[in-house]
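Participant: Going by the numbering used here, the sequence shown opens with residue 713, and the numbers climb by one from there.
Shown below is the structure under consideration.
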Amino acid sequence: MQSLQRIREVLELIVCPVCHARLSLPRASLEGGTSIVDETPLVECTGCGRRYPIEDGIPVLLEARSSMQE
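So this is what it looks like as structure tokens:
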């Protein structure tokens with residue numbers, strides 16, 4: 713599990729590579745507000761809704777690896 717605080721710090725520095733909006737952690741990726749629990753945790757764009765996987769604590773911001781919000 714990755715530290716929620718560390719992920720939040722990274723999200724302050726990066727933006728969506730497609731629309732340049734801020735990224736956030738979807739509510740479904742959180743449990744108890746302290747850790748990411750999905751098998752494939754995600755960050756979500758607040759602008760276009762794309763979701764990017766987090767691998768080894770690092771958001772993978774490649775358009776080819778993104779998925780659209782359902």
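Where is the CB? At the ideal position from N, CA and C, for every residue including glycine.
Secondary structure at Ile-719, three-state DSSP: helix, strand or coil?
Facilitator: helix
Participant: Taking its Cβ as the centre, do 16 or more other Cβ atoms sit within 10 Å of Glu-724, making it buried, or is it exposed?
Facilitator: exposed
Participant: Considering only heavy atoms of the ligand ATP, does any lie closer than 7 angstroms to the CB of Pro-738?
Facilitator: The ligand ATP is absent from the structure shown, which contains no ligand whatsoever.
Participant: One question on the structure: do Leu-735 and Val-727 come within less than 8 angstroms of each other, judged by their Cβ atoms?
Facilitator: yes
Participant: Using the Cα positions of Ile-719 and Pro-729, report the straight-line distance between them to the nearest angstrom.
Facilitator: 17 angstroms
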